[in-house]
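Accompanying notes for the structure given below.
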Amino acid sequence: MKKFNWLFLFLFSFAFVACDDDDDVVLDTVAPNIVITNPAPNTTFPAGSEFTLTADVTDNEGLEEVRVYVTGPNGNRIAQYDDEVRDFLNNNRNYDLEVDFTLPAELETGAYTITVEAEDLAGNITVETVMMMVNEADLDAAAFNTLFADTEWWDTWDANNNNSLDQTEFGTTFFQTWDLDDDGTITQDEWNEFAGDFGMEDADWDDWDANNDNQLDQTELNAGILTSGWYTNWDVNNDGMITQEEYTAGIFNFWDDDDDAVLTSEEYVTRYETYYGE
């Protein structure tokens, strides 16, 4: 496994060596195929964290070169990674790309684009990209709200476009994010997971599953949310509506496990990606 640190600019190159033959050459016009398997598009990473880029690269005749570029928020290429591989068993037709990245703690926050480029022996080139987000390692309430504001969730939930949520819209936010498999219902396993992540360790499933069918629909979830008192507690200005700042503050308080007014990457990253990652 390769190690890569964004503090440095690597400028290496590599070539795949394929077996030549002396037969007549048939023009190859089929470009390589690239499937980026990790990270998922728009995954968020805190500065100072690590992740692994993986991709499956294949070609019908043989790969000549594979390159990886990283482009920062300002559009400048900040890193380049190449690898040298010789795979005689498959004539260089298959390559499993796997690169470990370490993000510097002081890395600029924003959107980063990872580009994987593959060239085959005939000079055909394929390019695939994936975008990822980098946030500060530790977030206060304001920074967490900014992180949330960069997503499309709020506009999706605010059905009447009045920049706040009524009780029905408020319940919808949780139904959409807690229905992890997007099947239109919330199972007890899904409920158990978010109960632990949203401060409901003492809640009783049977109280929420009013019709005892072992799943929650939107109406049952709304009733449970209303009973929880969240809507009233999060409505800091007591106007009967929930603003985006009030909403993110409510989530922030649930996830600030040590009540120090700061979310560390350990406290928020996994939870955020589970429920609000795009």
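With mature numbering (1 follows the signal peptide of the UniProt record, and there is no 0) as the guide, the letters of the sequence shown map in order to residues -18 to -1, 1 to 260. Yeah, the Cβ is synthetic: ideal placement off N, Cα and C, and Gly gets one too. Computed from a prediction, not measured in an experiment: that's the story for all the values here.
Residues that DSSP places opposite N117 in a beta bridge: In the sequence shown, counting from the first residue as 1, residue 117 sits at position 135. For N117, the beta-bridge partners assigned by DSSP are P28.
Under 9 angstroms between C-beta atoms of T36 and N20: As a working note, residue 36 is residue 54 in the sequence shown. As a working note, residue 20 is residue 38 in the sequence shown. With contacts defined by Cβ atoms closer than 9 angstroms, T36 and N20 form a contacting pair.
Chain C within 9 angstroms of D38, Cβ atoms only: Absence of chain C from the displayed structure is noted, only one protein chain being present.
Whole-Å CB distance - G54 paired with E99, under 8 angstroms assumed: Position 72 of the sequence shown, counted from the first residue, corresponds to residue 54. Position 117 of the sequence shown, counted from the first residue, corresponds to residue 99. For a cut-off of 8 angstroms, the C-beta gap from G54 to E99 is around 17 angstroms, too long to register as a contact.
Where F(-9) falls: helix, strand or coil (DSSP): On the sequence shown, position 10 is the one that residue -9 refers to. Because F(-9) carries a pLDDT of 38, less than 50, the predicted location of this residue cannot be relied on, and the following value inherits that uncertainty. In this structure, F(-9) counts as coil in the three-state DSSP scheme.
Host alpha helix (DSSP H) of E172 (start-end): Along the sequence shown, one-based indexing puts residue 172 at 190. Q170 to D179 is the span of the alpha helix (DSSP H), which, as asked, contains E172.
Exposed unless 16 or more other CB atoms sit within 10 angstroms - verdict on D195: Here residue 195 corresponds to residue number 213 of the sequence shown, with the count starting at 1. In summary, D195 is exposed, with fewer than 16 beta-carbon neighbours lying within 10 Å of its beta-carbon over all protein chains present.
CA nearest to the CA of F236, picked from M223, Y250 and E227: On the sequence shown, residue 236 is found 254 positions in, with the first residue counted as 1. When only C-alpha atoms are compared, the closest one is Y250.
6 angstroms CB neighbourhood of S(-6) in its chain, flanking five on each side removed: The residue you call residue -6 lines up with position 13 of the sequence shown. Confidence is the limiting factor: at S(-6) the pLDDT is only 36, short of 50, which leaves the residue's position unreliable, though a coordinate-based value still follows. Closer than 6 angstroms at Cβ, skipping near neighbours: D64.
Three-way DSSP call (helix, strand, coil) for L208 in this model: Taking the sequence shown and counting its residues from 1, the one referred to as residue 208 is at position 226. Of the three classes helix, strand and coil, the one that applies to L208 here is helix, per DSSP.
Option nearest N220 by Cα separation, candidates D239, D148, A177 and A131: Counted from its first residue, the sequence shown places residue 220 at position 238. With distances taken between CA atoms, N220 lies nearest to D148 out of D239, D148, A177 and A131.
Contact set for P14: own chain, Cβ-Cβ below 8 angstroms, skip 5 residues either direction: Indexing the sequence shown from 1 puts residue 14 at position 32. Contacts found: V39, T40, D41, L45, A100, E101, D102, N106, I107 and T108.
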